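Enquirer: Next up is a structure, given as structure tokens.
Chains as they are written, first to last, in full-length UniProt numbering: chain L, 1 to 459; chain R, 1 to 459.
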């Protein structure tokens, strides 16, 4: 009998937490987004909670417009560690938690990305994960010679080929290619190195990669997979999806859609773990939880709240904060998928501008649960057993406290219900996620040929 | 009175050591080039020896041609950690030694490089150094969409602008830009963030960088500075040069030339530390040292030796190993500066092909000293006091042993002579190298304006 399916958990550990005012929390270290010890404490908390992975979002530039003027200087969304350097450091002070970093396919080269994640996988003993994104903001484009971000279709075409090249480079060396026989002087078996020779629309990459095959075979691949193109790419290549759904109906529809697309790539549904974001704020009582949430909500200043909206809906500072949310100017070039979610929230709840920015200040459009540990476990269980999720990506309001509260209060409740591990099952992230070992294609082909040969011999 | 000038030491800690047969040393871990604990031990040994820095050479691809066939599989120059991920990990198990990584300007973007080294500088508490190189091999070019490396002049033009952009990005935030005042909600002072808006021949980069100014003000910049263009770039922008000279005459000429170029950039000679490479093999007696060296020399196979030559002089496998070194085919497109050094060595010593590859198998054209600790200290002192060097970049024959021998035998001898530190002077690499703090230009301008104002007021 197969072991009962368990909830997978990741945590977004970027900067000061997910809440717009997280850095202003009375117990926060206001400069934590550039303090190594802050990141160490957060990651070690994630490991104490037996989380599958700690995840660093990233942008290649500041991605928060200073609109209205002064918005940016009233948030902490300005500076941070570069994810791959930080995760390599964090690998040295943890032993089991997975280490996931965002890296953009829009302004990078596949050879660099393949190397860096392979290197992190070796350094961490098999705990690396790559969150594949495209870069949508003009602010990032302007750091790479462009005026604005390339169109979405082009970005996704490039991303799909980018992932293909990286995966190919990760197969440059078979697992047992290195003989390192001091006596004969033979360092590797030339038959077990594979030159990629990729030639595509966006990339020509010869290879081989100058890093050995990694402890996980290859690092874990994460995607967001929101748009139709994104879902298709995720169905084809992702191990994990960080999804964003507000209701179980949305979550289930998304889950069914993406898992349904996998068959055409010869993949089983369980080869992909769908983990929607969730902002969970626990308290011993519902009132305590609500009070914890309100501490932060009260710290959201209008200039910062309007700033958070401006990135998706344009500058609304000329409108009455306590009036309705206007239709955004379609000429305003923004990240439309998130903007659409925000507008739907406003329409559904009949929200004013102030109510809208307050309702996104925490989860930024992700699901939010404020309540007792049982409430939060119920909310997770509903989606987990209801066909909406394989696990969740925790979005702590602030760090490290918001995560510590979940680890200390919610994890034990999930464990009591048999929904969550009580010890790490394996050594690598792949093992802990319950994902299959990716046999090297050349080794698989040799094994198949040998089996056929033995079959023929037996006849 | 100024403290007496001390010898600076770095160590090249790439892979299995500098000697072609280092991985075959009886005491070596043959797979050390992909073992984290190997790198940890080497870096901790460097710190035990109070070295200024541990240095990782790098290429964006394998840079050793498989010529003649089988050459590559008979060396360990195939796989390695990616330097920035590895150094970030090593920062966590060391506290004072500088951490230097090569990163190419040919196939990178300045924004990425500025971020990663700034992040490493924060993680390490001010110990990051960037070795600026251009990528000369066709093997690397083919991993980035090209058939062959771009011409040298174009590479250097790009490199010069690349360094300028990176330095500019490192000045995005003044040291005291971040106020992080929870009460007022003001995270930073908008007057202390500086948008670069660089527009040049190769790059358009807006900025600001999304990393705060670093503990060293900016990471240390290292260059090789061999060619005329390279020397000029180093005179303008480098903090350290890893030079390659065989004789004190060459070293002195190089030293005088580069330091002489600095005035036109408003820099003092002591703002740049010139550290030629040196392969030092110590023994309690000269015989013991020679025996240590011979252990490795005897492990150099002809296929590997010819391979090492082929990268610079073309395939010589059709010639008599014990005959003279032929003139290379000028149509053979190679790294000519190193090839020229090798040919000069052959002509000067009237070497056969076998003798030439044996003589470069260790130091790859760098200076080599095999002898007692006093011999090695003499050799260093001669160049240090003779106007040829501010210090040296150690090239251990194999790792960790080749470095451990230097740390245990040569360092105490240098200390006895008062030529070397007995404790780290500072916390950052910049402090230990004795280099001045780079005041932020905007802060300097404000200080100057204030001084003028005070001066006017006093009149």
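By construction, the Cβ of each residue, glycine as well, lies at the ideal position given by its N, Cα and C atoms.
Quick caveat, the model's predicted, so the values are computed rather than measured.
Expressed to the nearest angstrom, what Euclidean distance is found between the alpha-carbon atoms of residue 412(L) and residue 376(L)?
Expert: As a first step, residue 412(L) is located in the first chain; it is residue number 412 there, counting from the start. As a first step, residue 376(L) is located in the first chain; it is residue number 376 there, counting from the start. Cα-Cα distance, rounded: 12 Å.
Enquirer: Cβ atoms of residue 390(L) and residue 259(L): under 7 Å apart, would you say?
Expert: Taking the first residue of the first chain as 1, we reach residue 259(L) at position 259. Taking the first residue of the first chain as 1, we reach residue 390(L) at position 390. Not a contact, by the Cβ cut-off of 7 Å.
Enquirer: Taking beta-carbon pairs under 7 Å, can you tell me which members of the region 428-446 of chain L lie near chain R?
Expert: Going along the region 428-446 of chain L in chain order, one finds no residue with a Cβ nearer than 7 Å to chain R.
Enquirer: Give the residues of chain R in contact with residue 270(L), contact being defined as C-beta atoms less than 8 Å apart.
Expert: To locate residue 270(L), count along the first chain from 1; it is residue 270. Neighbours of residue 270(L) on chain R: none; closest Cβ ~31 Å, over 8 Å.
Enquirer: Check distances from the C-beta atoms of the region 174-189 of chain L to those of chain R and list, in chain order, the residues that come in under 7 Å.
Expert: 178, 180, 182, 185, 186, 187 and 188
Enquirer: Is DSSP giving residue 9(L) helix, strand or coil here?
Expert: For this step, residue 9(L) is matched to residue 9 along the first chain. Residue state, collapsed to three classes: strand.
Enquirer: Only counting the same chain, and skipping five residues up and downstream in sequence, which positions put a Cβ closer than 8 Å to that of residue 103(L)?
Expert: Translated into positions along the first chain, residue 103(L) becomes position 103. Same-chain partners within the cutoff: 58, 83, 84, 113, 116, 117, 130, 131, 132 and 133.
Enquirer: DSSP has residue 279(R) in a bridge; who is on the other side?
Expert: Counted from its first residue, the second chain places residue 279(R) at position 279. Paired residue(s): 368(R).
Enquirer: Which stretch, first to last residue, makes up the alpha helix (DSSP H) that contains residue 415(L)?
Expert: Here residue 415(L) refers to the residue found at position 415 of the first chain. Note, residue 415(L): alpha helix (DSSP H), 411-416.
Enquirer: Should residue 455(L) be flagged as near chain R, meaning a C-beta pair shorter than 7 Å?
Expert: Counting from one through the first chain, the residue named residue 455(L) turns up at place 455. False, the Cβ-Cβ gap to chain R never drops below 7 Å.
Enquirer: Looking only at C-alpha atoms, which of 150(R), 207(R), 39(R) and 304(R) sits nearest to residue 460(R)?
Expert: With chain R represented from 1 up to 459, any question about residue 460(R) goes unanswered, as that position is not in the structure.
Enquirer: Counting only Cβ pairs nearer than 8 Å, list the residues of chain L close to residue 19(R).
Expert: Here residue 19(R) is taken as the residue at index 19 of the second chain, counted from 1. Per Cβ cutoff of 8 Å: no residues; residue 19(R) is ~13 Å from chain L at best.
Enquirer: Are residue 56(L) and residue 64(L) closer than 7 Å when you measure CB to CB?
Expert: Locating residue 56(L) in the first chain gives position 56, where the first residue counts as 1. Locating residue 64(L) in the first chain gives position 64, where the first residue counts as 1. Their beta carbons are not under 7 Å apart, which means residue 56(L) does not touch residue 64(L) by this criterion.
Enquirer: Determine the direct distance from the alpha carbon of residue 20(L) to that of residue 109(R), and round the result to whole angstroms.
Expert: Position 109 of the second chain holds residue 109(R). Position 20 of the first chain holds residue 20(L). If I take the Cα positions, the gap works out to 31 Å.
Enquirer: If you drop the 5 nearest sequence neighbours on each side, which residues of the same chain put their C-beta closer than 8 Å to that of residue 269(R)?
Expert: Within the second chain, residue 269(R) is the residue found at index 269, counting from 1. Here the set comprises 259 and 262.
Enquirer: Report all residues from its chain with a CB closer than 7 Å to the CB of residue 228(L); omit the five preceding and five following residues, and keep chain order.
Expert: Here residue 228(L) corresponds to residue number 228 of the first chain, with the count starting at 1. So the list is empty, once near-sequence residues are dropped.
Enquirer: Kindly list the residues whose CB is nearer than 6 Å to the CB of residue 384(R), restricted to its own chain and excluding five residues on each side of it in sequence; keep chain order.
Expert: The residue labelled residue 384(R) in the question sits at position 384 within the second chain. The answer, listed in chain order, is 7.
Enquirer: Would a check of beta-carbon distances place residue 55(R) closer than 7 Å to chain L?
Expert: Counting from 1 along the second chain, the entry for residue 55(R) is found at position 55. Answer no: the Cβ-Cβ gap between residue 55(R) and chain L never drops below 7 Å.
Enquirer: Quick test of the definition: if touching needs 3 or more C-beta pairs under 8 Å, does the region 83-101 of chain R touch the region 237-249 of chain L?
Expert: no
Enquirer: Residue 203(L) touches chain R at which residues, Cβ-Cβ below 8 Å?
Expert: As a first step, residue 203(L) must be located in the first chain, where it is residue number 203. Correct list: 145.
Enquirer: Counting C-beta neighbours from all protein chains within 10 Å, is the total for residue 475(R) 16 or more, i.e. buried, or is it exposed?
Expert: Nothing can be reported for residue 475(R): it is not among the residues displayed for chain R, which extend from 1 to 459.
Enquirer: Would you grab the beta carbon distance between residue 198(L) and residue 165(L) for me? Rounded to a whole angstrom, and I think it's under 8 Å.
Expert: Locating residue 198(L) in the first chain gives position 198, counting from the first residue. Locating residue 165(L) in the first chain gives position 165, counting from the first residue. Contact flag correct, Cβ pair sits at about 5 Å.
Enquirer: Determine, using beta carbons only, whether residue 45(R) comes closer than 7 Å to chain L.
Expert: As a working mapping, residue 45(R) is identified with position 45 in the second chain. Answer no: the Cβ-Cβ gap between residue 45(R) and chain L never drops below 7 Å.
Enquirer: Does the beta-carbon of residue 195(R) have 16 or more other beta-carbons within 10 angstroms, so that it is buried, or is it exposed?
Expert: Along the second chain, read from residue 1 onward, the residue named residue 195(R) stands at position 195. It is exposed - the Cβ of residue 195(R) has fewer than 16 other Cβ atoms within 10 Å.
Enquirer: Which chain R residues are close to residue 61(L), counting only those with a beta carbon under 9 Å from its beta carbon?
Expert: Here the question's residue 61(L) lines up with position 61 in the first chain. Close to residue 61(L), with beta-carbon spacing below 9 Å, are these residues of chain R in chain order: 111, 206, 207, 208, 209 and 210.
Enquirer: Quick check: residue 402(R) and residue 10(R), are their CB atoms within less than 7 Å of each other?
Expert: As a working mapping, residue 402(R) is identified with position 402 in the second chain. As a working mapping, residue 10(R) is identified with position 10 in the second chain. No, the pair does not count as a contact, with Cβ atoms beyond the cut-off.
Enquirer: Which bits of chain R does residue 304(L) rub up against, with CB to CB less than 8 Å?
Expert: Counting from 1 along the first chain, the entry for residue 304(L) is found at position 304. Chain R residues near residue 304(L): 185.
Enquirer: Since residue 223(L) sits in a beta bridge, which residues does DSSP pair it with?
Expert: Locating residue 223(L) in the first chain gives position 223, where the first residue counts as 1. The partner list for residue 223(L) (beta bridge, DSSP) reads 132(L) and 241(L).
Enquirer: Would you call the region 364-376 of chain R and the region 346-354 of chain R touching, i.e. three or more CB-CB distances under 8 Å?
Expert: They do not touch, by the three-pair rule.
Enquirer: Tell me whether the beta-carbon of residue 388(L) lies closer than 7 Å to the beta-carbon of residue 251(L).
Expert: Walking along the first chain from the start, residue 388(L) turns up at place 388. Walking along the first chain from the start, residue 251(L) turns up at place 251. Contact flag set, yes.
Enquirer: Chain L partners of residue 89(R), CB-CB under 8 Å?
Expert: The sequence position of residue 89(R) within the second chain is 89, counting from 1. Within chain L, the residues near residue 89(R) are 88, 89, 91, 92 and 123.
Enquirer: Just reading off the alpha helix (DSSP H) that residue 111(L) is part of, what are its end residues?
Expert: Indexing the first chain from 1 puts residue 111(L) at position 111. It spans 110-123 - the alpha helix (DSSP H) in which residue 111(L) sits, taken as one unbroken run.
Enquirer: Near residue 189(R), which residues of its chain fall below 7 Å by C-beta distance, leaving aside the five closest residues on each side in sequence?
Expert: Against the second chain, residue 189(R) aligns to sequence position 189. Excluding five sequence positions before and after residue 189(R), the CB atoms of its chain that fall closer than 7 Å to its own CB belong to 177 and 179, given in chain order.
Enquirer: Please decide whether residue 120(R) counts as near chain L, where near means a Cβ-Cβ distance under 7 Å.
Expert: Working through the second chain from its first residue, we reach residue 120(R) at position 120. It does; some Cβ of chain L falls within 7 Å.
Enquirer: Since residue 91(L) is in the alpha helix (DSSP H), which residue starts that stretch and which ends it?
Expert: Locating residue 91(L) in the first chain gives position 91, counting from the first residue. Unbroken alpha helix (DSSP H) run through residue 91(L): 83-91.
Enquirer: Looking at the strands, I want to know which residues DSSP matches up with residue 99(R).
Expert: Here residue 99(R) corresponds to residue number 99 of the second chain, with the count starting at 1. Residue 99(R) is bridged to 54(R) and 128(R).
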